[in-house]
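Residue numbers (the working numbering): 21 to 122. Scroll down for the structure; my scribbles are underneath it.
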C-alpha cells in the first residue's frame with residue numbers, strides 16, 4: 021500500500037500534540053485580532069505570539085491531563101494562552117517598576 025502524506029498530516033493534526041499547538045495558535049490569533057495598542061516592532065509582536073503559543077500549549081496539556089477531553093483541553097489552552105500572557109506581562113511590568121525600571 022502506498023504511503024499517503026495527507027493521511028499522515030491529518031493524523032498528526034488531530035493528535036493531542038497537534039491540538040496543543042492549535043490551541044496556542046488560536047490564542048495567538050485571538051490576541052492579534054483583539055490588540056488595540058500602538059504599533060509594535062515586528063520582533064516584539066513575534067515574541068508576544070511565541071509566548072502566547074507556548075502558554076496555550078501548556079494550558080492544553082494541563083487540561084488534557086486533567087480531563088482527557090480534546091475539546092475542553094483545546095478551549096482551556098486557548099483561554100490560558102490569552103489570559104495567561106496578559107497576567108505574565110502584568111507581573112513583568114510590576115517587577116520592572118519595583119526594581120527601578122522606567
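We put the beta carbon where it would ideally sit given N, CA and C, even for glycine.
### Task
Return the CA-CA distance between residue 40 and residue 61, expressed in angstroms with no decimal places.
Position 20 of the chain shown, counted from the first residue, corresponds to residue 40. Position 41 of the chain shown, counted from the first residue, corresponds to residue 61. Cα to Cα, the separation comes out at about 27 Å.
### Query
For the 8 Å Cβ check, are there 3 or more pairs between the segment 65-76 and the segment 43-54?
By the criterion of at least three beta-carbon pairs nearer than 8 Å, the segment 65-76 is in contact with the segment 43-54.
### Query
Terminal residues of the continuous alpha helix (DSSP H) containing residue 77?
Counting from 1 along the chain shown, the entry for residue 77 is found at position 57. 62-87 is the span of the alpha helix (DSSP H), which, as asked, contains residue 77.
### Query
Should residue 28 be labelled buried (16 or more other beta-carbon atoms within 10 Å of its own) or exposed?
Within the chain shown, residue 28 is the residue found at index 8, counting from 1. By the 10 Å Cβ count, residue 28 comes out exposed.
### Query
When DSSP labels each residue in this structure, what does residue 43 get in the three-state scheme?
Here residue 43 refers to the residue found at position 23 of the chain shown. Correct three-state label for residue 43: helix.
### Task
Enumerate in chain order the residues of its own chain whose CB-to-CB distance from residue 43 is below 6 Å, with the five nearest sequence positions on each side excluded.
Indexing the chain shown from 1 puts residue 43 at position 23. Excluding the 5 residues flanking it on each side, residue 43 has same chain C-beta neighbours closer than 6 Å at 76, 80, 94, 97, 98, in chain order.
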